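So the structure is just underneath, and the comments pick up after that.
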Amino acid sequence: IESIHASAWRPQWSAYEHPNNTTGHLVFACGARGHYLHTHDAARNTIDIQIHGPRGALRYDGRQLTFNLRPQEQLGESPLEPVELVPARGEADLLRDFHAYITTGAEPGISVRHNLETMAACEMMCRSIALERVVTRGELDR
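All the letters of the sequence shown, read from the start, carry residue numbers 9 to 150 under this note's numbering.
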């Protein structure tokens, strides 16, 4: 992620002490862009995580991950397609991925590099919310 412009909010009636909803515009180094939205409603015990891009949207509602292509007209609809969530097998997954890395060079999905980039994205999101401005990845390297 090259930059993030984020905000957070909390309704006045919320039982949460801190903002429980976040949104962010993400720009990736390759030029791809996406809009991220995360909401949590304690009254109904629901969670909603979405990322929208030029070609479609992914949505996770706490139970199921779905994808839909972007409609071609305003207020149009396109069918939701379920996306299979692969169940984790704990340490067996790590050992399998490590073996594949050694034998084929395929980088594991969970790696130090990936984890550091995930933490950088979290830091950029938090800084953008606190500073109320766009935060770039380069700022973290200073």
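Here a beta-carbon is modelled for each residue, glycine too, at the ideal position from N, C-alpha and C.
Nothing here was measured: the structure is a model prediction, and the numbers come from that model.
With 8 Å as the threshold, decide whether the Cβ of residue i is near any Cβ in chain D.
i          : result
residue 55 : Any reference to chain D falls outside this structure, which holds one protein chain only.
What's the gap between the Cα of residue i and the Cα of residue j?
i           : j           : result
residue 117 : residue 105 : 8 Å
residue 70  : residue 15  : 22 Å
residue 62  : residue 115 : 28 Å
residue 141 : residue 58  : 21 Å
residue 129 : residue 148 : 10 Å
residue 152 : residue 77  : Outside the displayed range of the chain (9 to 150) lies residue 152, so it cannot be described from this structure.
Which residues bound the beta strand (DSSP E) around residue i?
i           : result
residue 121 : Counting along the chain, residue 121 falls outside any beta strand (DSSP E), though it belongs to the alpha helix (DSSP H) covering 120-139.
residue 10  : Looking at the DSSP string, residue 10 is not in any beta strand (DSSP E), and its letter there is neither H nor E.
Taking residue i as the reference, give the member of the options with the closest Cα.
i           : options            : result
residue 48  : 149, 112, 23       : 23
residue 34  : 148, 149, 139, 132 : 132
residue 146 : 111, 55, 125       : 125
residue 65  : 51, 88, 54         : 88
residue 137 : 21, 20, 26         : 26
residue 50  : 18, 11, 122        : 18
So residue i packs on residue j, CB below 8 Å; how close in whole Å?
i          : j          : result
residue 90 : residue 72 : 6 Å
Between which two residues does the alpha helix (DSSP H) carrying residue i extend?
i          : result
residue 99 : 99-112
Q: Jot down the residue ranges of each uninterrupted beta strand (DSSP E) in the region 41-71, minimum 3 residues, whole runs only, in chain order.
A: Runs found: 41-49, 54-60, 64-68.
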